[in-house]
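This report concerns only the one structure given below.
Numbering (our numbering), first residue to last: 2 to 133.
What follows is the structure, encoded as structure tokens:
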């Protein structure tokens, strides 16, 4: 069975995501973090769950090398309700992926790309308005 994963990051102004075929690995996260570091000059706070890729030796080395710009906070185990990103994914899946049955991974990727950015930015802006 083929699998699609999405890495995401939210800020006050923007939403970034990357589609991964298969499970997320440390090298996928490092690539994503390098993009975030390049696009943002400020310090970045990362809130992570306890995915093994978040705690690998390779990831720890990368985080150590970038500790001046990256700060990581880990959520308690089995606490997705504490992760703002999970609320975005949940709403997105409910609104755009419900009752969608792709015939192959390509269709799933296309649907994900076509629906993601506009919806997620709209929801992010609404969340930020509520937070004020």
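All residues carry an ideal CB built from backbone N, CA and C; glycine is no exception.
Cβ distance (whole Å) where residue i is taken to contact residue j below 8 Å
i, j, result
"residue 30", "residue 11", "The pair is not a contact, with the Cβ atoms about 16 Å apart (cut-off 8 Å)."
"residue 87", "residue 48", "About 10 Å separates the two Cβ atoms, so there is no contact after all."
"residue 71", "residue 34", "7 Å"
Alpha-carbon to alpha-carbon, residue j and residue i
i, j, result
"residue 4", "residue 22", "6 Å"
"residue 52", "residue 25", "9 Å"
"residue 94", "residue 17", "17 Å"
"residue 102", "residue 114", "16 Å"
Own chain residues within Cβ distance below 6 Å of residue i, not counting five before or after
i, result
"residue 40", "none"
"residue 78", "51"
Residues bridged to residue i (per DSSP)
i, result
"residue 112", "For residue 112, which the question treats as bridged, DSSP gives no partner whatsoever."
"residue 72", "46"
"residue 17", "10"
N- and C-terminal bounds of the alpha helix (DSSP H) containing residue i
i, result
"residue 101", "It is not in any alpha helix (DSSP H) - residue 101 carries neither H nor E in the DSSP assignment."
"residue 66", "58-66"
Closer than 9 Å to chain D by CB, residue i
i, result
"residue 36", "Here chain D cannot be found, since the structure has a single protein chain."
Own chain residues within Cβ distance below 8 Å of residue i, not counting five before or after
i, result
"residue 90", "7 and 9"
"residue 37", "10, 17 and 45"
Residue i, enclosing beta strand (DSSP E) - first and last residue
i, result
"residue 10", "5-11"
Own chain partners of residue i with C-beta closer than 7 Å, once the 5 adjacent residues on each side are dropped
i, result
"residue 110", "5 and 20"
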